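*Asks:* This is the structure I want to talk about, given as structure tokens.
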């Protein structure tokens, strides 16, 4: 099957909005729908004149924009966050000089600096961050720009298509919007990154066990791994956990077990009456903690669970089951394979008794960019977002736009720029490192990857290589050679694992049973009580699992949680979710 071949369009233009942009004049490519600015008055103040906007039009003179963001990227010698293939292409093509004078090692340090900037009244041109409370404070400060008009004018067709792929696309910008005005650029995290089970297939084979088909069979298999001490020296752990529960896209959690039991800890959702409740205090959570206690007593969970070095355990090959998204053969499961070439991790598709896969909705909005109010080129925030959206299409797993769909959009980043670090065999560098941390993807990008990889592998086996670049051809070779036994290297197993997992996610798409959860702003009571409530929850859950408290202690925990601010927070979240 033929797939889209990216074409470079480097000098693209149209007549620009008066007073905003100017540049060279070449016709835009036909597949791009050109934005139109309405209500621009003609010189005589009479009838309206329409101005066409091309977001890729280069500025007549170099325009500088200074970003504040988090980054720990180690660039190749001679390069930096502002001097690299991506940034140089933006500078050469769009005449935008992206500076990053405010780079921080972590979100906490950045958040502290944002608070200081607000106190001083001076902000950088654009700030990329993740803290919801700071977003609200910035929105109330009067220090950030209204982006409504520039969003309407400059958002690319590709970005808008990505936004519309989300089930609740109208809410993507909810937290960024105040009184109907867009006051920040929202990032949207693509879906389908929920945890699925991964299991040591070599251990199954050694014990002559069949592949588990239900959660009960999966847990029974975990018990057998421990009983037979498959890792040796009494170190075997049936299931390794990084944390008990987490977000939809975290890894190494027990989310899979909780969700199968009808429990959604740490999540907020409507109980059916319009009241929003906290999943950690639900009766289903108590039942799941009872099961986890049994697994702990049976040695399926580690005895030193609260303080365990889970990374070392995975690398040493001590665990037989791990839960995580479709990509975890890349990390951390690759560490097992690096230390033991005979280890074989494979993903599993295990449905509940109703033939469904229970999970919960993703936090679509998990990052924002704001522009200081007096910055003269606020549209740059939208232009950089457009580039980030396009960059998401060329992941290391191939093109996520399938044949017949790509022609709808103008794609502007050349292959040689997009893949420069892959082609140079520089690991760990991609467009997320380039300077701007706000990006978009299709909500169903993972199923698209699965479908695309299936088609690409069929093309590879048929000798139809002209639609693939060198990186894609190599990935297909690794998958094909691993499946046939010609290449059993860790690199081949990583690619094969992702290939299998992406197909599982593709197959699960119509079988999902999704609990719709709500992701609130920090409420007033959360500001004073949430840290203590989280500590109370973590301590109670661990005590129950480890047998330091009986399972019925859960009821005491719930009473204390409610009394110490939980009831007030549930009322505040309910009011917020209802638009109060």
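Residue numbers (the working numbering): -14 to 565.
The beta carbon of each residue, even a glycine, is placed where N, CA and C say it ideally should be.
Every value quoted in this text rests on a predicted model; they were computed, and no experiment measured them.
1) Could you give the residue range of the beta strand (DSSP E) that holds residue 58?
2) In the DSSP assignment, find the beta strand (DSSP E) that holds residue 173 and state where it starts and stops.
3) Based on Cα-Cα distance, which residue from 454, 180, 146, 106 lies nearest to residue 393?
4) How big is the Cα-Cα spacing for residue 539 and residue 455?
5) Please classify residue 278: is it buried, with 16 or more other beta-carbons within 10 angstroms of its beta-carbon, or exposed?
6) Taking the Cβ atom as the reference point for each residue, do residue 160 and residue 117 lie within a distance shorter than 8 Å?
7) Just how far apart, CA to CA, sit residue 321 and residue 240?
8) Look at residue 511 and residue 436 and say whether their C-beta atoms are less than 8 Å apart.
9) Tell me which same chain residues have a C-beta within less than 6 Å of the C-beta of residue 63, skipping the five on either side of it?
10) Under a three-way DSSP split, which group does residue 365 fall into?
11) With distances taken Cα to Cα, identify the nearest neighbour of residue 560 among 507, 199, 425, 533.
12) Pull up the distance between the alpha-carbon of residue 214 and that of residue 324, whole angstroms please.
13) List in chain order: all unbroken alpha helix (DSSP H) runs of 4+ residues lying wholly within the stretch 141 to 165.
14) Taking the DSSP output, what are the residues bridged to residue 92?
15) What did DSSP end up calling residue 85 once you bin it into helix, strand or coil?
16) Tell me whether the stretch 365 to 378 and the stretch 424 to 436 touch, counting them as touching only if at least three CB pairs, one residue from each stretch, are closer than 8 Å.
17) Measuring only the C-alpha atoms, how far is residue 98 from residue 419?
18) Using the three-state DSSP reduction, which class does residue 283 fall into: helix, strand or coil?
19) Excluding the 5 residues preceding and the 5 following residue 442 in the sequence, name in chain order all residues of the same chain whose CB lies nearer than 8 Å to its CB.
20) Note down, in chain order, each residue of its chain lying with its Cβ closer than 7 Å to the Cβ of residue 74, except the 5 sequence neighbours on either side.
21) Helix, strand or coil, according to DSSP, for residue 251 in the structure here?
22) Starting from residue 566, follow the beta strand (DSSP E) in both directions and report where the run begins and ends.
23) With DSSP run on the structure shown, which of helix, strand or coil describes residue 12?
24) Less than 8 Å between the CB atoms is what I'm expecting for residue 185 and residue 329, so what's the real figure, rounded?
25) Which residues bound the beta strand (DSSP E) around residue 343?
26) For the beta strand (DSSP E) that contains residue 182, what are its first and last residues?
27) Roughly how many whole angstroms lie between the Cα atoms of residue 293 and residue 206?
28) Out of 432, 53, 82, point me to the one whose CA is closest to residue 110's CA.
29) Output yes or no for whether 8 Å exceeds the beta carbon distance between residue 304 and residue 224.
30) I need the boundaries of the beta strand (DSSP E) containing residue 223, first residue and last residue.
31) Given a threshold of 16 other Cβ atoms within 10 Å of its Cβ, counted over all protein chains shown, does residue 525 qualify as buried or as exposed?
32) Within 10 Å of its beta-carbon, does residue 356 have 16 or more other beta-carbons around it, so buried, or fewer, so exposed?
33) Would residue 353 and residue 171 be called neighbours here (beta carbons separated by less than 8 Å)?
34) Comparing alpha-carbon positions, which option in 308, 194, 275 lies nearest residue 527?
35) Can you tell me which of the three DSSP states residue 473 falls into?
36) State the Cα-Cα distance for the pair residue 404 and residue 347, rounded to the nearest angstrom.
*Replies:* Quick answer:
1) First-last for residue 58: undefined, no H or E at that position.
2) 170 to 173
3) 146
4) 56 Å
5) buried
6) yes
7) 22 Å
8) no
9) none
10) helix
11) 507
12) 18 Å
13) 142 to 149
14) None; residue 92 has no bridge partner.
15) strand
16) yes
17) 21 Å
18) coil
19) 461, 464, 465, 484
20) 402
21) coil
22) Since the first and last residues shown for the chain are -14 and 565, residue 566 lies out of range.
23) With a pLDDT of 30 at residue 12, under the threshold of 50, the predicted position of this residue should be treated as unreliable, though the coordinate-derived value follows. In this structure, residue 12 counts as coil in the three-state DSSP scheme.
24) 7 Å
25) 342 to 345
26) 181 to 185
27) 22 Å
28) 53
29) yes
30) 222 to 224
31) buried
32) buried
33) yes
34) 275
35) coil
36) 29 Å
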